[in-house]
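Some notes on the structure that comes next.
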Amino acid sequence: MIEFLSALDQIMSVAHLTYLIAGVLVGLVVGIIPGLGGIAGMSLLLPFLYGMEPSVGLGMLMGLVAVIPTGDTFTSVLMGIPGSSSSQATVMDGFPLAKKGQAARALSAAFLSSMIGGVVGAIVLSVFILVARPVVLAFSSAELFMLTLLGLSVVAALSGANVYKGLAACGFGLLVGAIGGAPATGEFRFTLDIDYLYDGIPLVVVGLGIFALPEIISLLVKNSAIASSPNKLGHGLKQGFKDVFANLPLVGKSSIFGSLIGAIPGLGGSVVDWMTYSFAINSSKDSSQFGKGDIRGVIAPESANNACASGSMIPTILFGVPGSGAAAVFLGGMLLLGIQPGVSMITTHLDLTYTIIWSLALANILGAIFCICFTRPISLLTYIKFSVLTPIILTLILFAAYQATRSLGDFILLGVVATLGIMMKGANWPRPAFLIGFVLSSGAENYFFQSIQFYGYSWFLRPGVIAIAALIIVGFVLPPILKKRKQKSVLKEEPSPQEVQKDNIVKTVSWTDWGIIAIMSVYATYALANIWDTSMLTKAFPMIAIAIVLFSVVMILSKYIKEKHTRIPSDLSMHLVYIAGFFVIAYGYYLFGFISTTFVFSLLFLKLLAKVSYLKSTIIAIGLVIFLVTIGRVMNVDFPEGFFDPYLLNAIKTFI
Amino acid sequence: MKKLSKLLGVSVLTFGCLLALPTKAQDTELPSTINWTIPFGVGGGTDVWARFVAPHLTKSLPGNPTVVIKNQPGGGSITGTNLFFQRAKSNGEDILGTSASTLYPFMLGDKRVRYNFDKWIPLMASPTGGVVYVQPDLGVSSANDIAKLNGVTLPFGSQSPTGLELPVFLAFEMLGLDIKPVFGMKSRGAGRLAFERGEAKIDFQTSSAYLSSVVDLVDNKKAIPLFSLGILNNKGEIVRDPAFADLPTFEEVYFKKFGKQPSGMEYTAYKKFLAAGFAFQKVIFIPADTPSDIILTYQNSVKQMLQDPAFIKDSEIQVGPYENVVGIDAAQYLSDAITVSPELYTWISDWLKTKFDYKL
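In the order they appear, the protein sequences are chains A and B.
Whatever position you read off the first sequence (first residue = 1), add 196 for the numbering used here.
Whatever position you read off the second sequence (first residue = 1), add 10 for the numbering used here.
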């Protein structure tokens with residue numbers, strides 16, 4: 197108790213507050229810029245960190261780590277770009293809300309829920325950390341495997357009307373996630389002998405490709421502003437706050453769930469947003485608006501991801517095993533400050549631990565307040581004609597993708613995934629299902645084999661395993677089924693016109709559907725041939741994924757044959773032209789140099805396609821260059837140099 | 011052919027170092043910013059090591075240039091090292107930090123490796139040691155009871171057959187322990203967590219991780235240390251690790267159990283990978299075609315840094331009580347350590363195949 201209060205005293209000192217705020221500001225900036233995250237922020241703060249008073253240094257780091265999931269909401273809501281892996285679910289409803297002209301509402305609700313989530317997380321942390329050690333240790337590989345299943349079961353709720361499409365997408369995600377080294381043997385799978393694929397596919401690129409690029413291209417095809425309807429009164433900041441207070445139980449549940457998932461090392465924060473998102477769907481009476489702009493779809497994941505960042509401090513502090521990417525950065529910082537994680541953090545260094553927790557709570561509050569202040573002006577961006585924003589957004593996306601591995605492969609992969617994303621979007625295949633399968637693939641495989649090797653086949657009798665299995669059935673598998681049944685019975689009584697219409701939408705088929713089915717089947721066949729000769733441990737898991745994909749494809753096809761489907765034209769030709777254009781431009785960015793191409797491309801695009809005046813085009817293009825050069829300098833970020841960038845940078849250097 | 015080129019490369023490396031020496035000792039001007047490529051992610055072991063060394067390096071180098079750490083993770087350090095091999099400028103602006111997982115794939119002929127050590131000169135090598143420990147419920151209280159482990163299956167959380175655990179697997183086999191490797195651990199830390207959960211019966215950590223995380227377990231009777239891997243002394247012999255002076259080395263335990271010194275191909279492989287992975291755990295490299303006066307400046311500055319009391323104090327905390335190897339010694343030992351003879355290569359590749367069903 198004394199430590200608890202003395203830590204409060206400590207963080208209220210001027211030095212501590214100053215550094216904490218510095219950390220928060222840096223965290224917000226790297227959070228807002230997609231593709232950057234704790235790592236970029238860390239490289240900015242590290243020069244100050246070395247030799248710093250540990251508690252002050254920890255406060256600064258904590259400020260940085262805590263607010264990244266707050267800041268990344270901006271691009272998720274406004275542009276449909278998931279700023280980091282923890283805000284992918286926010287895109288699902290945040291971006292549709294922005295399209296409806298309710299960006300300010302979505303943002304303010306997101307920030308307030310982030311704040312509450314972070315503070316709840318800090319409270320959970322401060323109590324739980326004292327008793328967490330045995331609890332965390334109780335989660336063995338078997339329980340961790342069950343948790344990945346829990347994550348996968350979310351697909352049931354996200355698949356909507358067509359379960360088999362969801363299942364196929366999820367299986368395909370599992371299979372794509374299995375690219376690279378097999379965890380149990382180290383053998384490489386599905387690499388096509390391309391170096392880039394040996395490491396597996398980076399999540400950031402998949403997230404950008406499956407969500408961000410398809411959205412942008414379809415907006416370009418329409419060529420309107422993001423917000424298609426004007427801002428209505430009562431849909432601004434205040435409405436967002438009201439929404440949060442109206443949904444406090446959801447905020448509370450999501451926060452607690454988020455911090456507990458964060459506390460378990462090995463699962464990571466990248467699914468917690470989807471879990472709470474589908475939880476929000478299941479627990480709401482009318483879930484028809486999810487995916488089209490339901491505010492609860494923003495509140496739930498945003499409460500959870502900040503809470504998760506708090507929770508992930510438990511394994512970091514107690515075991516020195518980071519629960520997330522940002523926590524890994526924090527761990528590195530702790531070691532540099534000369535603080536060793538471990539039991540001593542709750543015995544001899546309890547004061548430091550409480551300093552961390554207080555800083556965490558304070559950083560969450562400050563971060564949310566800063567963001568709310570900027571919400572109104574920034575959300576006006578959504579009213580600008582979209583083609584004006586295109587070069588900026590495209591540069592941001594390419595920038596974010598390139599941070600994944602810093603090779604041309606990032607751009608190519610981005611285009612490939614985006615093609616799949618466009619097709620899935622066009623034919624109404626659930627993209628989140630693919631993403632969840634992808635994210636959980638390696639964890640599911642790894643923990644499955646580990647539990648068999650550690651426990652033989654008796655692992656599924658462990659009490660923890662049974663408890664989680666029950667949770668999966670009660671929490672995620674039953675609700676969608678029950679709901680469907682209820683809907684059906686309602687339907688029998690009086691078929692409302694809306695329902696009839698919904699039924700019709702389901703039973704359509706287009707060339708795009710056939711295209712997706714073909715891609716999945718071809719890839720599954722290739723995968724099967726590729727692993728046929730490998731050892732059992734290497735091929736068992738991909739075989740399951742292949743079976744899921746092929747089974748679902750067969751079920752979809754049999755449905756096409758059995759039931760009458762209206763054939764609708766696929767209107768993707770324009771989209772595919774844009775994708776081709778994307779490949780050309782992305783290659784240009786690589787070949788000619790990132791910064792020079794940004795300048796030339798935005799100037800030409802704005803002038804010729806967006807029909808903006810010379811003056812405005814030049815200002816935007818120069819602004820982008822200044823932004824990139826500054827980021828490159830301050831945060832040591834690398835860009836593809838290409839032919840011209842070295843000259844350009846030299847010119848800028850001499851000019852300044 | 012590949013082996014031959016490796017051998018050739020290694021000799022060039024040693025030779026290059028000799029060439030670098032005779033120039034006059036005078037401080038030449040260095041670039042104002044030095045890019046230190048770390049082919050690992052932020053917050054990992056090598057990254058933390060580099061970030062701790064960087065400010066000291068700045069302090070010791072003439073003109074106090076800014077040392078910027080460039081993380082380029084991927085392929086377990088192969089990606090970043092390949093890029094450095096292709097792109098590094100040889101004007102003193104670019105240096106590289108490596109770890110065991112950079113040396114092992116090279117030694118094992120991984121086809122993704124495009125680098126070669128003949129183009130680089132090591133400036134400094136930081137060694138580490140390692141300790142093997144077991145669960146207390148096995149009824150073992152020290153290495154003296156190792157016979158009690160005969161016939162007991164010991165699950166061991168490991169990253170991959172060709173990772174840092176490679177020599178440890180060899181040691182286990184020579185001692186006749188029945189190890190059941192469970193692969194797919196994300197880090198050695200994840201392996202330790204499996205041990206703390208009681209899933210793994212035996213575990214191994216490098217010195218700094220052992221000191222920070224396992225000593226607590228030992229004090230609370232939750233882990234029993236068996237032996238250390240020892241360290242290489244100046245004559246290339248394995249002696250007790252100064253950080254764990256009361257723990258026997260693997261060799262001592264082997265002698266106690268079998269009454270003879272370990273020998274044969276297996277022991278040769280063990281020593282080879284122990285030297286490369288542990289004696290050269292972390293190395294700073296500079297391109298060999300960097301002007302010799304700049305290399306000399308670096309070498310002198312590193313020597314100066316190693317004598318700085320502030321560095322020594324920090325190094326004790328971050329790395330352990332080990333002496334860093336510099337200059338010509340580093341080049342000589344390193345070239346010995348990474349040269350794998352064709353017979354040894356065949357042996358190790360067969361062993362990986364039969365033991366782990368892993369194809370090189």
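Even for Gly, the Cβ is constructed at its ideal location relative to N, Cα and C.
Would residue i be called buried (16 or more neighbouring beta carbons within 10 Å of its own) or exposed?
i              : result
S769 (chain A) : exposed
D139 (chain A) : The structure shown does not extend to residue 139 (chain A), since chain A is modelled only from 197 through 852, so no value can be given for it.
F656 (chain A) : exposed
Q271 (chain B) : exposed
I422 (chain A) : buried
L678 (chain A) : exposed
P132 (chain B) : buried
T214 (chain A) : exposed
V141 (chain B) : buried
D767 (chain A) : exposed
M184 (chain B) : buried
M342 (chain A) : buried
N443 (chain A) : buried
V773 (chain A) : exposed
Please report the Cβ distance between residue i and residue j, rounded to the nearest whole angstrom; I am assuming they are in contact, meaning their Cβ atoms lie under 8 Å.
i              : j              : result
M248 (chain A) : L533 (chain A) : 7 Å
T704 (chain A) : H771 (chain A) : Between H771 (chain A) and T704 (chain A) the Cβ distance is about 18 Å, and since that is not below 8 Å, they are no contact.
G377 (chain A) : E383 (chain A) : 7 Å
L148 (chain B) : L159 (chain B) : 7 Å
V749 (chain A) : I713 (chain A) : 6 Å
Y368 (chain B) : T381 (chain A) : 6 Å
A253 (chain B) : L221 (chain B) : 7 Å
M716 (chain A) : F386 (chain A) : Wrong, their Cβ atoms sit about 14 Å apart, outside the cutoff.
V467 (chain A) : A500 (chain A) : So it is not a contact: roughly 10 Å between Cβ atoms.
S647 (chain A) : S337 (chain A) : 4 Å
Can the beta-carbon of residue i be found less than 9 Å from the beta-carbon of residue j?
i              : j              : result
S280 (chain A) : G233 (chain A) : yes
R207 (chain B) : S223 (chain B) : no
F778 (chain A) : L409 (chain A) : yes
L257 (chain A) : L245 (chain A) : yes
Y843 (chain A) : L604 (chain A) : no
N502 (chain A) : T826 (chain A) : no
A298 (chain B) : S100 (chain B) : yes
Y598 (chain A) : G231 (chain A) : yes
G519 (chain A) : G507 (chain A) : yes
G259 (chain A) : A559 (chain A) : yes
L636 (chain A) : G373 (chain A) : yes
Y651 (chain A) : E103 (chain B) : no
L254 (chain A) : I535 (chain A) : yes
G462 (chain A) : L631 (chain A) : no
Y343 (chain B) : A289 (chain B) : yes
Return helix, strand or coil for residue i, following the three-state DSSP convention.
i              : result
I234 (chain B) : strand
R763 (chain A) : strand
W361 (chain B) : helix
V833 (chain A) : coil
M275 (chain B) : helix
K581 (chain A) : strand
N310 (chain B) : helix
G140 (chain B) : strand
G149 (chain B) : coil
D367 (chain B) : coil
I105 (chain B) : strand
How about the region 118-126 of chain B and the region 71-79 of chain B: do they share at least three Cβ pairs that are nearer than 8 Å?
-> no
Contact the region 444-458 of chain A vs the region 305-321 of chain A: 3+ CB pairs below 8 Å = yes
Three-pair Cβ contact test at 8 Å for the region 350-358 of chain A versus the region 623-632 of chain A | yes
Any chance the region 811-822 of chain A sits against the region 787-796 of chain A, with 3 or more Cβ pairs inside 8 Å?
-> yes
Any chance the region 266-280 of chain B sits against the region 332-348 of chain B, with 3 or more Cβ pairs inside 8 Å?
-> no
Cβ contact check for the region 103-113 of chain B and the region 286-297 of chain B: 3 or more pairs under 8 Å | yes
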